[in-house]
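What follows is one structure encoded as structure tokens, with my remarks underneath.
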Amino acid sequence: DVHSGPAAIRIAYRRLAGGPWHEAPIERTAAGVRARIDSRSHPEGRYEFRLTAYDRAGNRTITTERRGGGRMVLDFPLLERTTLSARPESTGHRIAYGERPGIRGRLRVAGGGPLAGRELTVVESFEPGALPGRRTRTVRTDGRGRYRVRLGRGPSRKVRVSFPGTGRYLAQDARPRKIAVEGMAKLRVSKRRVRAGSRVRFRGRVGTRGARIPAPGKVVELQVRERGGGRFRTVGDALHTDRRGRVSTAYRFGRFYREPARFRFRLKLTRQSRWPYRAPVHSRSRSLKVIPR
527 DVHSGPAAIR
537 IAYRRLAGGP
547 WHEAPIERTA
557 AGVRARIDSR
567 SHPEGRYEFR
577 LTAYDRAGNR
587 TITTERRGGG
597 RMVLDFPLLE
607 RTTLSARPES
617 TGHRIAYGER
627 PGIRGRLRVA
637 GGGPLAGREL
647 TVVESFEPGA
657 LPGRRTRTVR
667 TDGRGRYRVR
677 LGRGPSRKVR
687 VSFPGTGRYL
697 AQDARPRKIA
707 VEGMAKLRVS
717 KRRVRAGSRV
727 RFRGRVGTRG
737 ARIPAPGKVV
747 ELQVRERGGG
757 RFRTVGDALH
767 TDRRGRVSTA
777 YRFGRFYREP
787 ARFRFRLKLT
797 RQSRWPYRAP
807 VHSRSRSLKV
817 IPR
């Protein structure tokens, strides 16, 4: 009759530890009513729910129990948690100059199966002194939730892979990974065999792909080791390259040699502020023989 039957239904929720109740917008369906809640807009934690029903006669019923018994308590956010991994393909997270680093990993439901066909965001943050600065791209997981992305050549960087989440799955960030790229140096000698007292010129080049040469130039050292000797030692003072990464210097041998002497020279890249490649690095050594006059 006109005095029986449901008149209104309300659904509210609050933190389980206590606090004010928040009413959720109600939507009527063929089976009754339902409420949608953006659980990501609230702090994480446990929340209890309350249903209040009124009939046309003004009677009221309040319950916080589920249909099968037990309190209606849910964990916010109301999304399935995910796990995302990321690891460099190179051993020891280092790669040679000019190579393209790779990152691979997997996206899964926490405690469950893979998430296939999901778009991930890959952000490369380069070391200070690099020209790119920051680079962003997307990659999609395969049928097993796995992904693999080949990055561009260039300086050292930190790589972050993230899953933006959906209306069902919670967003997730993989642990940031450091890609250390070795620097590159090359050295040429004008002569391989010289007389004592003669002058020799050395020309070198530093790899500058994606890097900005620091002012007043990239610091390098010309080093030498005598045959049968110990460590390499620096010849004179440190040198600076030009804006294109090139360096040139000369050395005159003394006239005092009484028998042939063989030396090995190399170019060393030193550590330097705002240089985005890994150092110290050495060029391939070059042999030079000094003949008595």
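So the sequence shown is numbered by my numbering: it starts at 527 and just counts up by one.
Even glycine gets a Cβ: it sits at the ideal position worked out from N, Cα and C.
For clarity, every value in this text was computed on a predicted model and none was experimentally measured.
For residue i, the nearest candidate out of the options (CA to CA)
i      : options                        : result
Gly680 : Gly631, Tyr803, Arg582, Ala534 : Tyr803
Gly655 : Ile739, Arg592, Arg727, Lys717 : Ile739
Lys684 : Tyr783, Ala636, Gly754, Arg660 : Arg660
Arg686 : Glu785, Lys717, Arg721, Arg630 : Arg630
Thr760 : Leu748, Arg770, Thr647         : Leu748
Lys712 : Val773, His548, Pro818         : Val773
Gly638 : Ile621, Arg620, Arg607, Glu574 : Arg607
Leu646 : Val635, Arg790, Thr796, Arg663 : Arg663
Thr587 : Thr555, Gly594, Gly595, Ile537 : Ile537
Gly755 : Phe728, Arg790, Glu591, Ile621 : Arg790
C-beta atoms of residue i and residue j nearer than 9 Å
i      : j      : result
Pro627 : Ser611 : no
Phe689 : Leu633 : yes
Val745 : Ala764 : yes
Pro569 : Leu696 : no
Ala550 : Tyr539 : yes
Ile535 : Ile563 : no
Arg670 : Arg644 : no
Arg788 : Val816 : yes
Glu785 : Pro818 : yes
Met710 : Tyr573 : no
Val732 : Val715 : no
Residues sharing a beta bridge with residue i, DSSP
i      : result
Lys744 : In DSSP, Lys744 forms no bridge with anything.
Ile563 : Looking at the DSSP assignment, Ile563 forms no beta bridge with any residue, so it has no partner.
Leu814 : Phe789
Gly631 : Tyr673
Glu549 : Ala538
Arg683 : Phe652, Ile705
Arg819 : DSSP output for Arg819 lists no bridge partner at all.
Thr667 : Bridge partners of Thr667: none, in fact.
Whole-angstrom distance between residue j and residue i, CA atom to CA atom
i      : j      : result
Pro495 : Ser651 : Nothing can be reported for residue 495: it is not among the residues displayed for the chain, which extend from 527 to 819.
Pro614 : Arg576 : 49 Å
Thr589 : Thr578 : 7 Å
Arg778 : Arg674 : 53 Å
Val707 : Gly736 : 12 Å
Glu653 : Lys704 : 10 Å
Gln798 : Ala642 : 44 Å
Val648 : Asp768 : 34 Å
Arg770 : Pro640 : 48 Å
Val750 : Gly723 : 17 Å
Ala543 : Asp601 : 13 Å
Arg781 : Lys794 : 27 Å
Arg694 : Pro532 : 32 Å
Pro546 : Arg566 : 18 Å
Arg597 : Arg541 : 13 Å
Val720 : Leu657 : 42 Å
His548 : Val635 : 30 Å
Gly730 : Asp668 : 46 Å
Simplified DSSP state of residue i, which is helix, strand or coil
i      : result
Gln798 : coil
Gly531 : coil
Arg661 : strand
Val761 : coil
Pro690 : coil
Ile705 : strand
Gly595 : coil
Gly655 : coil
Phe575 : strand
Leu600 : strand
Gly730 : strand
Ser774 : strand
His568 : coil
Ile739 : coil
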